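Take any residue in the sequence shown, note its place counting from 1, add 3, and you have its number in our numbering.
Virtual Cβ for every residue (Gly too), placed ideally from N, Cα, C.
Keep in mind it's a predicted model, so treat the numbers as computed, not measured.
Take a look at the structure below.
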Amino acid sequence: MANRFMRVDLSDKARDFRLVAIEPGMPLLDRSGARGKLLFRWLGGLAAEPVWEGDYVAFYVRDDYGGRLEDVACFPASRDDLGGQLKEDLEKLRERLDKARPETPSEQAVRAAVHRTLRELLDDPNRSDLDSYFFRYRDVNGRWRLVWCWGYERVNKEPAPAVICTHPQCNLLFVRRRGQSPNCPACAHAPERKPRRGIPLKTIAALLLVLVVAALGYYGLNRTRQLAVEPQTWSARIGDELPLDPQGPVKVLSKWLLGVREEVTDRVQADPADPQVVRWDAQQRRLTATTPGRTDVRLQLDDLPSATLAVEVAAPVKLVLETEKLTIGQGQSVKPKVFGVYDDGKKVELTEQVRLSTPDSKVAIVDGQQLVGKQEGSTPIKVQYVVPGKDVPLEATGSVTVLPEKQLAEKPPVERKIQEVRIVSEHGPQVQIPAGVKTEVRVEAVYEDGKVETATDRATLRPEDPPEKSPIGVQGGRLSAIRPGQTKLRAEVDGVQSESPLEVAVTEQPDFDELRLRPSPCSMRPGESIALEVVAWRGGKELGVLENLSGVALRSDKPEVAQVSGTTVWARSEGQAQIVATCEKPKLESKPAIIKVVRPEEPVPTALLVEPQQLQAQVGQNIRLGRDIQIQLLRGEDEPLDVAGSCDVQTDQPSVVRYDQQNRVLVAEGPGTAKISFSHAEKTAQATIEVADRPAAPAEQIGQIVLEPATASLAVGQQLPLSVFAITADGRRVERTSDATFASGNEEVVRMDDNRAVAKKPGEVKITATLPDCDKSATAHLTVQDEPITEIFVGPPGKPLKVGERLKMWLYGRSRSGTRELAREAIKLEVPPDKRDSVKINSDGTIEATQPGEAEVIIRHGDLQTTQKFRVEPAASPQLVGLEIQPHEKVLKPGESVEFTVKATTQQGAQIELPEAKLESLDQRVLAPDGQQPRRFVAKAPGRTQVRASHGDRQVLADVSVMGKRFMKVDMQYHPGEKQFHVTLNIQAEGGDGDWEYRTYLPGQQPADGWKKATQEGDLLKVELASPPIAYKQRGELYELIIEARHKKSGAVEQYPQSFWLREVLEPVRQKPPEQ
């Protein structure tokens, strides 16, 4: 149990001390303890904890986490102590008080009183009573530490020493003045003195000499103690392990004076400078070589000077395929096993680290590390392994032969079955993380053949506690520590659940001991921006990314080169800057992140990498950027930048794959092949997505729906994107966020904006998600905290704008619950009057550049304000204010053609033709390019689609309807509701024999209502259909209905794809004029 180290008499009749007042009648030391908690928030353990005991105040020593220290002996500190062994703590005390940020007028008054008190004590060199307020004690490492007792002052400042009564039941602090009794005024206790016999002078001298020699020897031994490692280098190959234990080949020694050595190999902690080269497993106490390269490993023990182990991991000399000639069937896949081979013949598996490619995507395509057979034939394959520091990668070649399904019918492929699912963490089976940290775990699937594969992307992670009680939230394989508590986490992959849960404990106090920033180093062009992650480490292992950035600040040593706003770094001018992160609790500073800003014309090797470049999907499936497709920008030899959240995305076939910009997902809309273009920093890369003609998760096959995160906390004004996954009966996990409908249990607390939860006021609320034609639902529990947003800033992407371009600004707010995107309604954008010629704010919140020059936008949220400056560059061509396509509406029959013309209006009012404008049909099943004339299109089959004309960032659409015998006329009536809408279809067709029936449904879904027979009216057939409920999408996104006609006798089916826009749904119904 912790005991007070001293107490002060502050009664009305106290002899030595009295209370310090904030203002008359308001003492700084309040009996409720509120101001003591406030000072702890500002000063941590440097301020003693006061507790009233009647008219006395007892003081306790506590650490920076608020825990009281036991068995602490404190002594009054002198001015020499404060300028010597306590100097560092004293500077820390000043610094913490300077950084204190009062939030209310009463807190401002407290800070002013504390600041005045401390200034009066330290700024007067003649003060002789410092020992009444400053005390010293030894920590567990034997170092002298400072603690400040506050809230009182001496009654009489006449020079006299302060002492603490040594009686264990008293501990009174009093002033021992001349002419007064030296005994304690409270208990009259005085040190007992025993009579002593006289000792000869020679004996005293001899004893003193022995003591001096012993003290010098002990001091010398401690001063010269240091760590050493033998040998000092470790040469390894990929996969090699180095155990740090007494039986291992490397010894860590603690060396003393005169050659005294103590082995401490099994007690040190290792800290690799580059964890990508060598990884430290603290639980198993071993280093593992992972990739070729060189790095240093720092070995640490307590506060001794560290030792360094130099590590070099050699690269293989060649690459080999286990099987050079592979054979698969159409629709089947295979993962080629690849090995690196060293000079002595040792093999290391590199299957997951190589790049796989094939020149003929018609025969086989690459899906990650797998080859998928498409059609009969044979094609070469190539695997590459990039060796860091070498220009030419290692290569191996082979071939794959794809056989027809008939030839493989006799030997059906054996389905691999998962035998075990396990959750793996570098922290072992028990993970302890502080609240406000987001950490990653890895899910592994162990198959019957013993092979182990990482399955995190297709795993569903669930805490055992219900959402309203869980201390963690889960999203995308990451755990967000929300509040203190304990839970058990389980994983499920393909219907197999992990037997052993991962135990997760969330602590209230931040117990990390190191901060790092990533990415670093990185190169940028002026005007660009990147987001830095602040990563917490403990004991040489990564804990996770800090979401709660309270008390964390980033600063740049050269703001004129790289300016910091929140966690965003903006490149301003050529040069190199260092960014560091500082943390108040615990007191930490990160190593600097290196930011290099290079001139636009400077030739720096730059590439945009997209992986994988070929994917397969099914209708309805969501492909998330950053998870299912990685997009990275490489500049020189710097760290690759993840630009999945900021790159521009375009799809050449929106009816096959459309891009949902708000959620950063690609949505498989219909069967076919689409090319997706990604661009960033004037670099472009492509990926091909082939969508199979079958739904990814039919409603009847959905076993359950998962909503992520199921538990979350946010502040008023912030918004949180939610994701929805369908878990099929066979255990597959398919993201269906774009199709989901969300409902809030209390719109006053949280309002749903599509899949984004917008916090309106403090409270708790349940969010429900459903999918079309599915009776399953999922819920999430969200808590809106009554806490302020303390900082707002603009996030990436950042780039100079050209005249006529538009930019959406991503705005973030920092609170104790985390740093999240701000809702559009929670912010106000404004352009200063002198900058309104260069930029304007559109009604949708985007920024549009109007004239070259320096632009500026002011962002406000409540009382908070920030300013974003950027440059507007001249447009490459005359500024266009309008785009027009002719004809803008056309009705065709199959086989007929139409030619389009694109024109633009300049700012001066002139109309010019744009032969360079890009034209594309949004559904080539209905209307396809002529192939001869670039502006001519041919009607292929009945249906309704659009032709899109693009020039720069401007687009315009033309509607095209292709009518046939079964679909001579299709009238649509829209019935909008609050969350969904439906469509009534009135169809007319040629009469014929009259034996036709019709139905309609949404792409990727099973028809719900079946066929409806058309009625004969003269020479025409007529039928009225009603669509299933349709969930609202983002404005600007395309909707599609499928209409089918079937001849009852022959079974022949004709299809009519019908596409339309949200503006048509919401457009008021035009009233017919009254008949005369």
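Discussion item. Measuring straight from C-alpha to C-alpha, what distance separates A165 and L175?
Written reply: Mapped onto the sequence shown, residue 165 falls at position 162. Mapped onto the sequence shown, residue 175 falls at position 172. Rounded to whole angstroms, A165 to L175 spans 10 Å at the Cα level.
Worksheet item: Span of the alpha helix (DSSP H) holding E94?
Response: Taking the first residue of the sequence shown as position 1, residue 94 is located at position 91. From DSSP, the alpha helix (DSSP H) with E94 extends over 90-102.
Discussion item. Since R739 and A690 should fall inside the 8 Å C-beta cutoff, what is the C-beta to C-beta distance between them, to a whole number of angstroms?
Written reply: In the sequence shown, counting from the first residue as 1, residue 739 sits at position 736. In the sequence shown, counting from the first residue as 1, residue 690 sits at position 687. That pair is no contact at about 21 Å.
Practice prompt. May I ask which residues mark the beginning and end of the beta strand (DSSP E) holding A462?
Written response: Against the sequence shown, residue 462 aligns to sequence position 459. Careful: A462 lies outside any beta strand (DSSP E) and carries neither H nor E.
Fill in: Through-space distance from L13 to C152, alpha-carbon basis
Sequence index remark: in the sequence shown, residue 152 carries index 149 (1-based). Sequence index remark: in the sequence shown, residue 13 carries index 10 (1-based). Those two C-alpha atoms are separated by around 13 Å.
Practice prompt. Ignore the nearest five residues each way along the sequence and tell me which others in R521's own chain have a CB closer than 8 Å to its CB.
Written response: Here the question's residue 521 lines up with position 518 in the sequence shown. Cβ neighbours of R521 within its own chain (closer than 8 Å, five residues either side excluded): L535, E536, V538, A596, E642.
Discussion item. In chain order, what are the residue ranges of uninterrupted alpha helix (DSSP H) at least 4 long that sit wholly in the segment 974-1002?
Written reply: Counting only runs of at least 4 residues, the segment 974-1002 fully encloses no alpha helix (DSSP H) element at all.
Discussion item. Taking contact to mean 3 or more Cβ pairs, one atom from each stretch, closer than 8 Å, check whether the segment 941-956 and the segment 999-1014 are in contact.
Written reply: By the Cβ rule, the segment 941-956 does not count as touching the segment 999-1014, because fewer than three pairs are nearer than 8 Å.
Worksheet item: Out of Q88, R114, E110, which has the shortest C-alpha to C-alpha gap to L100?
Response: Taking the sequence shown and counting its residues from 1, one reaches residue 100 at position 97. Nearest C-alpha to L100: R114.
Item to complete: Determine the contact status of H588 and G47, defining contact as a CB-CB distance below 8 Å.
Response: Against the sequence shown, residue 588 aligns to sequence position 585. Against the sequence shown, residue 47 aligns to sequence position 44. It should be pointed out that residue 588 corresponds to Lys in this sequence rather than to His. Contact: yes.
Worksheet item: Do you know offhand how far Q130's Cα is from L124's?
Response: Here the question's residue 130 lines up with position 127 in the sequence shown. Here the question's residue 124 lines up with position 121 in the sequence shown. The amino acid occupying residue 130 in the given sequence is Arg; Gln does not appear at that position. Distance from the CA atom of R130 to the CA atom of L124, rounded to whole angstroms, is 7 Å.
Discussion item. Could you check whether F873 and P765 sit closer than 8 Å to each other, using their CB atoms as the reference points?
Written reply: Mapped onto the sequence shown, residue 765 falls at position 762. Mapped onto the sequence shown, residue 873 falls at position 870. No, these two residues do not count as a Cβ contact at 8 Å.
Practice prompt. Pull up the CB-CB distance for A273 and L230, whole angstroms please, since I reckon it's below 8 Å.
Written response: Along the sequence shown, one-based indexing puts residue 273 at 270. Along the sequence shown, one-based indexing puts residue 230 at 227. Actually they do not touch by this definition, with Cβ atoms about 12 Å apart.
Item to complete: Report the three-state DSSP secondary structure of D284 (helix, strand or coil).
Response: Taking the sequence shown and counting its residues from 1, the one referred to as residue 284 is at position 281. Reduced to three states, the DSSP call for D284 is strand.
Fill in: Sub-8 Å separation of V314 and A399 beta-carbons
In the sequence shown, the residue the question calls residue 314 occupies position 311. In the sequence shown, the residue the question calls residue 399 occupies position 396. No, the Cβ-Cβ distance between V314 and A399 is not below 8 Å.
Worksheet item: Touch check for the segment 379-397 and the segment 317-329: three-plus C-beta pairs under 8 Å?
Response: The segment 379-397 and the segment 317-329 touch, with no fewer than 3 CB-CB distances between them shorter than 8 Å.
Worksheet item: N845: buried (16+ other C-beta within 10 angstroms of its C-beta) or exposed?
Response: Stepping through the sequence shown from its first residue, residue 845 is reached at position 842. Looking at its Cβ environment, which holds fewer than 16 other Cβ atoms inside 10 Å, N845 is exposed.
Fill in: Buried versus exposed call for Y136 [16 or more other C-beta atoms within 10 Å across all chains shown]
In the sequence shown, counting from the first residue as 1, residue 136 sits at position 133. Residue environment: Y136 is assigned as buried (16 or more neighbouring CB atoms within 10 Å of its CB, all protein chains considered).
Worksheet item: Given 8 Å as the limit, is there contact between the segment 768-777 and the segment 658-668, that is, 3 or more CB pairs closer than that?
Response: Too few Cβ pairs lie closer than 8 Å, so no.
Practice prompt. Sort K982, T870, L1041 by Cα distance to S568 and report the nearest one.
Written response: Residue mapping note: residue 568 aligns to position 565 of the sequence shown, counting from 1. T870 is the residue among K982, T870, L1041 whose C-alpha sits nearest the C-alpha of S568.
Worksheet item: How big is the Cα-Cα spacing for L557 and D847?
Response: Start at 1 with the first residue of the sequence shown, and residue 557 comes out as number 554. Start at 1 with the first residue of the sequence shown, and residue 847 comes out as number 844. In this model, L557 and D847 are separated by some 31 Å (Cα to Cα).
Discussion item. In this structure, how does DSSP classify R200 when only helix, strand and coil are distinguished?
Written reply: Looking up residue 200 in the sequence shown gives position 197. Any reading at R200 is ruled out, since the residue's pLDDT is 46, under 50, leaving its predicted position unreliable.
Worksheet item: Measuring CA to CA, which of K906, S900, Q1061 is closest to A931?
Response: Mapped onto the sequence shown, residue 931 falls at position 928. Nearest C-alpha to A931 among K906, S900, Q1061: S900.
Worksheet item: Which residues share a DSSP beta bridge with I850?
Response: Here residue 850 is taken as the residue at index 847 of the sequence shown, counted from 1. Paired residues: L810, I844.
Worksheet item: Are the C-beta atoms of L247 and some chain C residue less than 8 Å apart?
Response: Here there is only one protein chain, and chain C is not present.
Discussion item. Which complete alpha helix (DSSP H) runs does the segment 25-77 hold, if anything under 4 residues is left out?
Written reply: List check, alpha helix (DSSP H) in window: 37-46.
Worksheet item: Who does D645 pair with in a DSSP beta bridge?
Response: Reading the sequence shown from its first residue, position 642 is the one you call residue 645. In the DSSP output, where bridge partners are listed per residue, D645 has Q635.
Worksheet item: Cα separation between R839 and I436?
Response: Position 836 of the sequence shown holds residue 839. Position 433 of the sequence shown holds residue 436. Their backbone Cα atoms lie some 48 Å apart in a straight line.
Worksheet item: Quick one, are the C-beta atoms of V600 and G623 less than 8 Å apart?
Response: On the sequence shown, position 597 is the one that residue 600 refers to. On the sequence shown, position 620 is the one that residue 623 refers to. Their beta carbons are not under 8 Å apart, which means V600 does not touch G623 by this criterion.
Practice prompt. In the DSSP assignment, find the unbroken beta strand (DSSP E) run with R82 in it and report its ends.
Written response: On the sequence shown, position 79 is the one that residue 82 refers to. That residue, R82, is in no beta strand (DSSP E); its alpha helix (DSSP H) goes 82-86.
Worksheet entry | K594 versus L307: straight-line alpha-carbon distance, rounded | Residue mapping note: residue 594 aligns to position 591 of the sequence shown, counting from 1. Residue mapping note: residue 307 aligns to position 304 of the sequence shown, counting from 1. Looking at the two C-alpha atoms, the distance is approximately 20 Å.
Discussion item. In this structure, how does DSSP classify V23 when only helix, strand and coil are distinguished?
Written reply: The residue labelled residue 23 in the question sits at position 20 within the sequence shown. Judged by DSSP in its simplified three-state form, V23 adopts coil rather than helix or strand.
Worksheet item: So, L628 versus R667, is the Cβ gap smaller than 8 Å?
Response: Sequence index remark: in the sequence shown, residue 628 carries index 625 (1-based). Sequence index remark: in the sequence shown, residue 667 carries index 664 (1-based). Yes; because the gap between Cβ atoms is below 8 Å, this pair is in contact.
Practice prompt. Give the secondary structure of D837 by DSSP, where H, G and I count as helix, E and B as strand, and everything else as coil.
Written response: Position 834 of the sequence shown, counted from the start, is the residue given in the question as residue 837. Residue state, collapsed to three classes: helix.
Worksheet item: Between M971 and E1000, which are expected to be in contact by the criterion C-beta below 8 Å, what is the C-beta distance as a whole number of angstroms?
Response: Stepping through the sequence shown from its first residue, residue 971 is reached at position 968. Stepping through the sequence shown from its first residue, residue 1000 is reached at position 997. Your pair M971 and E1000 does not check out as a contact, with CB atoms roughly 16 Å apart and the cut at 8 Å.
Item to complete: Kindly indicate which three-state DSSP category A191 falls into: helix, strand or coil?
Response: The sequence position of residue 191 within the sequence shown is 188, counting from 1. Of the three classes helix, strand and coil, the one that applies to A191 here is coil, per DSSP.
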